[in-house]
Each structure stands twice: as C-alpha cells, then as structure tokens.
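Participant: Let me begin by handing over the structure; questions about it come next.
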Amino acid sequence: AQSVTQPDIHITVSEGASLELRCNYSYGATPYLFWYVQSPGQGLQLLLKYFSGDTLVQGIKGFEAEFKRSQSSFNLRKPSVHWSDAAEYFCAVGYGGSQGNLIFGKGTKLSVKP
Amino acid sequence: GAGVSQSPSNKVTEKGKDVELRCDPISGHTALYWYRQSLGQGLEFLIYFQGNSAPDKSGLPSDRFSAERTGGSVSTLTIQRTQQEDSAVYLCASSPRGVGSQPQHFGDGTRLSIL
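These protein sequences, in sequence, are chains A and B. FYI, in the numbering used here the residues of the first sequence are 1257 to 1370. FYI, in the numbering used here the residues of the second sequence are 603 to 717.
If you want it as structure tokens, here you go:
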C-alpha cells in the first residue's frame, strides 16, 4: 500500500540555520509529490510540488525539495530559517490517474529558536 | 479570488448529537475532498467528489459518517450520533480536476469537539 513517512516528529533549529525535513514514500510508479505547511489554526498551504523533470524543485518562501528516486525520498530544505517558518510541515503523495486524494505523512513540527 | 471556505470554524457538541460541517470550494473546481486531522495523526482521507461521478467513500470510518455535494459545489459532511473519538479538525480541499497531479487547495478547517 502507498504510504508516506516523515521520520522526524519535531525539529528545533536556530533562526538563520539551515533546515532539512525528511520524507520517504512508498509507491510503485512515479509519484506526484507535494509539501504543504500548516500554521496553527490554519489550513494547509502548498509550498511546492514535483511531477516530473528537474528533480530539484523550487517553492514559495525560499523552500526547495529534491526528488531522489533511488532513495524514494523528497526532502524539503531551506538555507536559512526565519522565525516565521515555525509551523507543521506535511509531505504528501498523489496517485496517478483519476484517483485524486493525497496520502499524507504525519507531519513534522518545526520550532525556531531566536 | 475566494479560497475554500468552511463553516463553522469551531463546533462543540455533546456525545450522541448529529453535526453538519459545510465546505464551499473554489469556484470552478470540480473535485472536492474531506480529510480528518487528529492530533499527531496527520491527515486521514475521508471522501472525494469528482464532478457528477459517484463519490469515493472509501475513507469514511463508519456508517455514522456521510457526505453530499449539491449542484457540484457546496458539500456537507454529516456525522451522526457523535462519539468522543470523532473530535478532530475536519479539512476540506478542492482542485480544478480530480487527478493526483493537481495540488489541492485547503480551507481552514472545522475544529470539532465532542464533550
């Protein structure tokens, strides 16, 4: 069965430090991959997506992610974290074809130290 | 333009009562999804509507849960005889077409608390 694993439940980084959030997926075909961010009391906002082509994708708010087929990973990175990046981050996989629902990881909560 | 709108934003009710949660998707989006977000559990798919096709109900946890979508637009998720384990945030999302390659646009959710 398709699944998404985010191994880190909670990460704390200092403001200005670099960030990498891990995501691994299990899916037989080439996946559609997404990263979403959720601030407290808010819905999910799309950060970036990967469908095909260049394996390094750029997103909003200075985030990027790299698709590595050999590792079944789609890790999210940011070179320098800002205090406003504190939120929960979700990785998701979309099926091919007409089945549109996403499979989400359980999320990684990011805290930023001043 | 307007995003996905959900109401109410918060709902507190007693165990055993029925509740209705509403979702108004982005205009023109044919696909609509309901998810449940429980503490520490990520998002759990509940149900998916695509145009006039029969909905995919494979994620509904029990027959107490049902949903409808009227006129291809507004959707209502109904939970009958609520239980304490139904307490969660219920998120609605829409996308232009219901294919896995399209990102979904989420509302802010309804926080449901069962006393």
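No residue lacks a Cβ here, since even glycine has one placed at the ideal position from N, Cα and C.
Taking DSSP as the reference, what is the three-state secondary structure of aspartate 1341 (chain A)?
Facilitator: Start at 1 with the first residue of the first sequence, and residue 1341 (chain A) comes out as number 85. Helix, per DSSP.
Participant: Buried or exposed: which applies to glutamate 1344 (chain A), given that a residue is buried once 16 or more other Cβ atoms fall within 10 Å of its Cβ?
Facilitator: The count along the first sequence starts at 1 and reaches residue 1344 (chain A) at position 88. Buried, because 16 or more other Cβ atoms sit within 10 Å of the Cβ of glutamate 1344 (chain A).
Participant: For the segment 1282-1291 of chain A against the segment 1319-1331 of chain A, are there 3 or more C-beta pairs whose distance is under 8 Å?
Facilitator: Segments in contact, yes.
Participant: Below 7 Å, is the gap between the Cβ of tryptophan 1291 (chain A) and the nearest heavy atom of the ligand GDP?
Facilitator: Among the ligands in the structure shown, none appear at all, so the ligand GDP cannot be discussed.
Participant: When DSSP labels each residue in this structure, what does glycine 1318 (chain A) get in the three-state scheme?
Facilitator: Counted from its first residue, the first sequence places residue 1318 (chain A) at position 62. Correct three-state label for glycine 1318 (chain A): helix.
Participant: Pick out the complete beta strand (DSSP E) segments inside the segment 655-715 of chain B, 3 residues or longer, and give them in chain order.
Facilitator: List check, beta strand (DSSP E) in window: 667-671, 677-681 and 690-697.
Participant: May I ask you to list the residues that DSSP assigns as paired with threonine 1364 (chain A)?
Facilitator: If you number the first sequence from 1, residue 1364 (chain A) lands on position 108. BP columns for threonine 1364 (chain A) point to A:Tyr1345.
Participant: Mind pulling the chain B residues with CB within less than 9 Å of leucine 1302 (chain A)?
Facilitator: The count along the first sequence starts at 1 and reaches residue 1302 (chain A) at position 46. Simply Pro705, Gln706, His707 and Phe708.
Participant: Using the three-state DSSP reduction, which class does arginine 1325 (chain A) fall into: helix, strand or coil?
Facilitator: For the purposes of this step, residue 1325 (chain A) is taken as residue 69 along the first sequence, with counting starting at 1. Three-state DSSP puts arginine 1325 (chain A) in a helix.
Participant: Could you tell me whether the Cβ atoms of serine 725 (chain B) and aspartate 688 (chain B) are closer together than 8 Å?
Facilitator: No information on residue 725 (chain B) is available, as it lies outside the stretch 603 to 717 that chain B covers here.
Participant: Which value, in whole angstroms, describes the spacing of the CA atoms of glutamine 1262 (chain A) and asparagine 1280 (chain A)?
Facilitator: Residue mapping note: residue 1262 (chain A) aligns to position 6 of the first sequence, counting from 1. Residue mapping note: residue 1280 (chain A) aligns to position 24 of the first sequence, counting from 1. For glutamine 1262 (chain A) and asparagine 1280 (chain A), the distance between alpha carbons rounds to 7 Å.
Participant: Tell me the rounded alpha-carbon separation between histidine 707 (chain B) and alanine 604 (chain B).
Facilitator: What you label residue 707 (chain B) is simply residue 105 of the second sequence in a count that begins at 1. What you label residue 604 (chain B) is simply residue 2 of the second sequence in a count that begins at 1. Spanning the two alpha carbons is a distance of roughly 11 Å.
Participant: At what residue ranges does the segment 1259-1288 of chain A contain a whole run of the beta strand (DSSP E), taking only runs of 3 or more?
Facilitator: As far as the segment 1259-1288 of chain A is concerned, its whole beta strand (DSSP E) runs of at least 3 residues are 1259-1261, 1266-1270, 1275-1277 and 1280-1282.
Participant: Would you check if the distance between the CB atom of alanine 633 (chain B) and the CB atom of serine 696 (chain B) is smaller than 8 Å?
Facilitator: Residue numbering aside, residue 633 (chain B) sits at position 31 when the second sequence is read from its first letter. Residue numbering aside, residue 696 (chain B) sits at position 94 when the second sequence is read from its first letter. Result yes, Cβ atoms of alanine 633 (chain B) and serine 696 (chain B) sit closer than 8 Å.
Participant: With distance defined between alpha-carbon atoms, name the residue in A:Tyr1283, A:Lys1362 and A:Ala1273 nearest to tryptophan 1339 (chain A).
Facilitator: Numbered from 1 along the first sequence, position 83 holds the residue referred to as residue 1339 (chain A). It is A:Ala1273.
Participant: Mapping the DSSP letters down to three states, classify threonine 615 (chain B) as helix, strand or coil.
Facilitator: Here the question's residue 615 (chain B) lines up with position 13 in the second sequence. In the structure shown, threonine 615 (chain B) sits in a strand (DSSP, three-state: E or B).
Participant: Glycine 711 (chain B) versus chain A: which residues are under 7 Å apart at the beta carbon?
Facilitator: If you number the second sequence from 1, residue 711 (chain B) lands on position 109. Chain A residues near glycine 711 (chain B): Gly1299.
Participant: Please report the distance separating the alpha-carbon of leucine 1304 (chain A) from that of glutamine 704 (chain B).
Facilitator: Within the first sequence, numbered from 1, the residue matching residue 1304 (chain A) stands at position 48. Within the second sequence, numbered from 1, the residue matching residue 704 (chain B) stands at position 102. When rounded, the distance between both Cα atoms is 11 Å.
Participant: Please state if the CB of leucine 1366 (chain A) and the CB of alanine 1342 (chain A) are separated by a distance shorter than 8 Å.
Facilitator: Counting from one through the first sequence, the residue named residue 1342 (chain A) turns up at place 86. Counting from one through the first sequence, the residue named residue 1366 (chain A) turns up at place 110. Yes, Cβ-Cβ distance for alanine 1342 (chain A) and leucine 1366 (chain A) is below 8 Å.
Participant: Give the C-beta separation of phenylalanine 667 (chain B) and leucine 648 (chain B) to the nearest angstrom, bearing in mind that I take them to be a contact with Cβ-Cβ under 8 Å.
Facilitator: Walking along the second sequence from the start, residue 667 (chain B) turns up at place 65. Walking along the second sequence from the start, residue 648 (chain B) turns up at place 46. Phenylalanine 667 (chain B) to leucine 648 (chain B), Cβ: 7 Å. Contact.
Participant: Going by alpha carbons, who is nearest to glycine 674 (chain B) out of B:Gln639, B:Pro627, B:Ser660 and B:Val614?
Facilitator: For the purposes of this step, residue 674 (chain B) is identified with residue 72 of the second sequence, where counting begins at 1. That would be B:Pro627, whose Cα lies nearest to the Cα of glycine 674 (chain B).
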